[in-house]
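Novice:
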Amino acid sequence: MPDNSTPPLSAGVGRDALREQIHQLGDFLGATLVEQEGQALFDLVEEIRGLARSFRSGDAEAGERLLARIESLPVPQARVVVKAFTSYFQLVNLAEEEERVRVVRQRARQAQAEGRPMDETIAAAIRDLAADGLNAAEMQAILDNLLIMPVFTAHPTEAKRRTVLTKLDHIHRMLYRLDFHALTPDETEEVRAGLREEIVSLWQTDETRTRQPAVIDEVRNGLFYIENTLFDLTPVLYHELRRALAAHYPDHDFTLPPFLRLGSWIGGDRDGNPFVTCAVTEATLREHKLFALRLYQRALDQLHGHFSASAVRYTISSALQASLEADALLFPEVAQRNAQRYPQQPYRHKMAFIYRKLSNTLDAARSVGRANLDAPSSSYNQAADFIADLRLMQDSLRQHKAAGLADGRLADLICQAEVFGFHLATLDLRQHAERHAATLGEIFARYGMGDDYAAWPEERKVALLTQELLSPRPLAPAHLDFSAAANETLELFRLIRGAHARNGAQAIESYIISMTTGASDVLGVLLMAKDAGVADALDIVPLFETIADLQAAPAIITALFTNPAYAAHLARRNHGQQIMIGYSDSNKDGGYLAANWQLHLAQRALPAVCADHGVRLTLFHGRGGSIGRGGGPTNKAILAQPPESVRGRLKLTEQGEAITNRYANWDIAHRYLQQIIHAVLLSSGRHAMPAAARGGAWEQPLHDMAALAEHSYRAFLQQRPAPEAPPFLLRYFEEATPISFISRLNIGSRPARRKASMRIEDLRAIPWVFAWMQSRAVLPGWFALGAALTQWAGADDSRWQLLSAMYREWAFFRTMIDNAQMSMRKADMVIAEVYSRLADDETRRMVFPALVGEFNRTEQAILRITGQRDLLDNEPWLQASIKVRNPYIDPMNYIQVALLRRLRTADQAEAEALYDAILLSVNGIAAGLRNTG
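As numbered in the numbering used here, the sequence shown has no gaps in its residue numbers, which increase by one up to the final residue, 1168.
Pasting the structure below:
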């Protein structure tokens, strides 16, 4: 049940193929279960599956029998049952992805037959912009400003191990071969045998990690998607844009910058993660460069036989000839070998020299900490030198009757080199504002400039920081002798300087400040960057995460833009400013509706501030995979944003299981990125919000409802038995969800809490959402929405009619309502009630009835607004998918609850077995729901 997906066709061959594939995979899994565990275990799984299906069909007695049967299971049997359902969902998910590929291909063929581009593609966006009257100059202006940067993060929401992901990838490739290759009967049977073998291997592999992954493990996991998908996919997207432009603007030769780029936080995000040190960041940057160079070597290996043109019949350019002569002096042994093996084949000669330079560059990159500032011409100092060599070949080919070769696979490699450089992915750095304040406090106290800097009023901080920024004197000594934490913070900025020298300026472009609450948070980072000599090569990015910080953001940005020291920095950065907004903590802080509205207002106010000061804004969206963390269909979310917040520039985080769902499969990644580019292009044209949504008849109701929702959410959140006691909701969260086991799941290097406390403020948003998803309450995706809607509209039919009009005509409001009903469909109050029994009686009494009441209230409000009879009637394919999946997810939920209850009285020996089974159930439920955090 992915949030970003292409719905299957409502009927016909596609659905039959999906059912057949699921049935085939289920048969293979069933045979594996009998072979590995015995007929009795297979029969037990089938018994539990049958009871769950009967219960979902309305047989309440079957539900009681299901509970009793599960309660009686020994732990080893419970574990096998969970593993069976987990494996089943992993295979079903692959089959559904394959169905999505079939549907996309069928729609592409249908669109081609009808002489139109497929919906939500690059070609469709260019067609619509041209039809809207954009001329070539206006289109070029959009392209000149265009930037789309997905940023991979290591946020721990991918519950599957890398080993399991690899096995699933092997199965996917075999399913793809069965689907899209004309196989002989013998070849078909060979693939089926391979599927059976891989499923046995999957069964015998532990689902959960035996150890917490190191940061460098997470770095390498991210590289998996670049190698398998993105490296080869990227030039395809550029070609599609060029073709679309040529089709609708045939008389204009467009300049296309490297607009699609990749970013990463993995190895750079140190906010609350003590394992991301300067040494780890250095290792990450080195890993990036080595990986990029190896990818280029692989590409050259594949191209080597392609460029066999003979100099006897086809001459080469004088520039290429001069470069070959220079290279021969550098590498005489390569020149001699070329002459012997490839006489009169100059392009092969040049490629051999390029390969040798890459090899030398690779050897130098392996040297820890080596700046390579004075790299000899026998290696590449920067990616631009590598690109220049490739362009020499391309220009020569174009001059000598080989434009087809010049603009084919060689052009793809040049595109890849321009996008990925030697940095591969731009590594963002992130740290909490408190850490910077503590470091500056140490420095200022050391030099007698004042104690307790963190407690100073904002005006005093800004005044001192501005003075220091405008002063030529250094901030910190060459030898750092402060506390270990302060030394690490300062050393990071010195690391940036070295990274730029080794990997290029794109290696690290952004420094993000978590929990920015004032201009001083940004000025302090700028001061440390200035001291290290990197301020002019770095974007300082404030991150606004809470409701209050989002509201204060425009004033903070205005204070920065009017600060003389910061204004000078902006001028040196070509008047560009990144601003990041956080979807996760804002939701945890103020609830679903209040967070969505404040994020929307920020996306209107911040572009206005930037426009007033002549600053080009890049808004960075810190979105998660689930609805409660800003997830949902990304293209719809982009089109629902105020258009001035996009203007051709989009940077967004890709996290955890969302990375796997979107980028593991080449075809799905292609479709997803096409949808993003389509939405960004359209938002950058003449797309406008309805007048009623901007200061008109719809805005005040949203203000009022957001305030009502925030009040309702906070009241629920803060209700407690005594002033100093933990809130009931937090107690319920700890007792009636598997939160403590999510922390033990080893799905990420980062701790679940920023600090060792029980405060909700210190709990990260990811486990907050993850645990509510597991217990099927899915609270962050809808809670307090119904209270706000019903309190505002009451019994006034005209207000309900207004809400319906807003739903029909305002993309923002419609997307917010549709995302909530998606969350509510994945929620299940019957299963949530089973979890509620894990809480003590007082806590359960104070929380669960209110939860159910608000769920029912929200459901009725959404149905009244949308005119639907049931949730997700507007997405029947997703509605059906959830309905089909629930009987298979239910047993894992019941088993998880039974094991959690049993754990409370278990001795040490039994507890270890219970831990393992509970963690496996977390994996299984995540696979069934296709969402974690």
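For glycine and all other residues, C-beta sits at the position ideal for the given N, C-alpha and C. Note that the coordinates shown come from a computational prediction; the quantities given were computed from them, not determined experimentally.
#1: To the nearest angstrom, how far is the alpha carbon of residue 380 from that of residue 574?
#2: Could you tell me whether any non-hydrogen atom of the ligand HEM is closer than 7 Å to the CB of residue 770?
#3: Identify every run of the beta strand (DSSP E) within the segment 588-667, keeping only runs that are complete inside it and at least 3 residues long; order them along the chain.
#4: Ends of the beta strand (DSSP E) at residue 386?
#5: Take the Cβ of residue 617 as the centre, count every other Cβ of all protein chains shown within 10 Å, and call the residue buried at 16 or more, exposed below.
#6: For residue 288 versus residue 1122, is the C-beta spacing smaller than 8 Å?
#7: Bridge partners of residue 855, per DSSP?
#8: Taking 8 Å as the cut-off, decide whether the C-beta atoms of residue 295 and residue 286 are in contact.
#9: Going by beta-carbon coordinates alone, are residue 528 and residue 468 separated by less than 8 Å?
#10: Straight-line CA distance for residue 531 to residue 650?
#11: On the DSSP bridge list, what partners appear for residue 777?
#12: Name the one or two DSSP bridge partners that residue 498 has.
#13: My output table needs one value for residue 251: the three-state DSSP class, helix, strand or coil.
#14: With a threshold of 7 Å on Cβ separation, who are the neighbours of residue 915 within its own chain once the five nearest residues in sequence on each side are excluded?
#15: What residue range is occupied by the uninterrupted alpha helix (DSSP H) comprising residue 757?
#16: Given a threshold of 16 other Cβ atoms within 10 Å of its Cβ, counted over all protein chains shown, does residue 488 qualify as buried or as exposed?
#17: Can you confirm whether the segment 774-781 touches the segment 717-729 when touching is taken to mean that 3 or more C-beta pairs between the two stretches lie within less than 8 Å?
#18: What is the DSSP secondary structure of residue 981, reduced to helix, strand or coil?
#19: Excluding the 5 residues flanking residue 267 on each side, which residues of the same chain have their C-beta closer than 6 Å to its C-beta?
#20: Exposed or buried, which one is residue 948 when buried takes at least 16 other CB atoms within 10 Å?
#21: Using only CA atoms, which one of 374, 432 and 1019 lies nearest to residue 1087?
#22: Return the bridge partner residues of residue 504 from the DSSP annotation.
#23: Would you mind sorting residue 636 into buried or exposed? The rule is 16 or more other CB atoms within 10 Å of its CB.
#24: Could you pull the start and end residues of the alpha helix (DSSP H) that residue 195 belongs to?
#25: Rounded to whole angstroms, what is the Cα-Cα separation between residue 820 and residue 751?
#26: Taking the alpha-carbon positions, what's the residue 283 to residue 315 distance?
#27: Since residue 795 contacts residue 757 with CB under 8 Å, what's their CB separation in whole angstroms?
#28: Pull up the distance between the alpha-carbon of residue 1150 and that of residue 963, whole angstroms please.
#29: The alpha helix (DSSP H) spanning residue 551 covers which residue range?
#30: Where does residue 870 sit, in a helix, a strand or coil, going by DSSP?
#31: Taking Cβ positions, are residue 754 and residue 791 nearer each other than 8 Å?
#32: Are residue 667 and residue 749 touching if we call contact CB-CB under 8 Å?
#33: Quick one: using the 10 Å Cβ neighbour count with 16 as the cut-off for buried, is residue 1065 buried or exposed?
#34: Quick check: the Cα distance between residue 1105 and residue 1115, rounded to an integer number of angstroms?
#35: Tell me whether residue 423 is buried or exposed, calling it buried when 16 or more other Cβ atoms sit within 10 Å of its Cβ.
#36: So the alpha helix (DSSP H) residue 787 belongs to, where does it begin and stop?
Specialist: The relevant details are as follows:
#1: When rounded, the separation of the alpha-carbon atoms in residue 380 and residue 574 is 46 Å.
#2: Of ligands this structure carries none, so the ligand HEM is not represented either.
#3: Assignment of beta strand (DSSP E) within the segment 588-667, counting only whole runs of 3 or more residues, yields 664-667 in chain order.
#4: Note, residue 386: beta strand (DSSP E), 382-388.
#5: Buried, by the Cβ-count rule.
#6: For residue 288 and residue 1122, yes; Cβs fall inside 8 Å.
#7: According to DSSP, residue 855 bridges with 815 and 886.
#8: No. Outside cutoff.
#9: Their beta carbons are not under 8 Å apart, which means residue 528 does not touch residue 468 by this criterion.
#10: So the alpha carbons of these two residues sit roughly 12 Å apart.
#11: In the DSSP output, where bridge partners are listed per residue, residue 777 has 748.
#12: BP columns for residue 498 point to 386 and 661.
#13: Of the three classes helix, strand and coil, the one that applies to residue 251 here is helix, per DSSP.
#14: Closer than 7 Å at the Cβ level, and outside the excluded window around residue 915, lie 383, 873, 881, 883 and 885.
#15: That run of the alpha helix (DSSP H) goes 754-767.
#16: Under this definition residue 488 is an exposed residue.
#17: Counting Cβ pairs under 8 Å, fewer than three are found: no touch.
#18: Note on residue 981: pLDDT 47, under 50, position unreliable in the model; the coordinate value appears next. Reduced to three states, the DSSP call for residue 981 is coil.
#19: Taken in chain order, the residues that qualify are 434, 435 and 438.
#20: Residue 948 counts as buried, since no fewer than 16 other beta carbons sit within 10 angstroms of its beta carbon.
#21: Ranked by Cα distance from residue 1087, the first of 374, 432 and 1019 is 1019.
#22: Paired residues: 665.
#23: Per the 10 Å Cβ criterion, exposed.
#24: What is shown of the chain runs 236 to 1168, which leaves residue 195 out entirely.
#25: Going by the C-alpha atoms only, they are around 13 Å apart.
#26: The straight-line gap from Cα to Cα measures roughly 12 Å.
#27: Residue 795 to residue 757, Cβ: 6 Å. Contact.
#28: In this structure, the alpha-carbon of residue 1150 lies about 26 Å from that of residue 963.
#29: Segment: none, residue 551 is in no alpha helix (DSSP H) and carries neither H nor E.
#30: Residue 870 falls in the helix class under three-state DSSP.
#31: Less than 8 Å separates the beta-carbon of residue 754 from that of residue 791.
#32: With contacts defined by Cβ atoms closer than 8 Å, residue 667 and residue 749 form a contacting pair.
#33: Classification for residue 1065: exposed.
#34: Residue 1105 and residue 1115: Cα-Cα distance of roughly 12 Å.
#35: That one is exposed.
#36: Residues 782-796.
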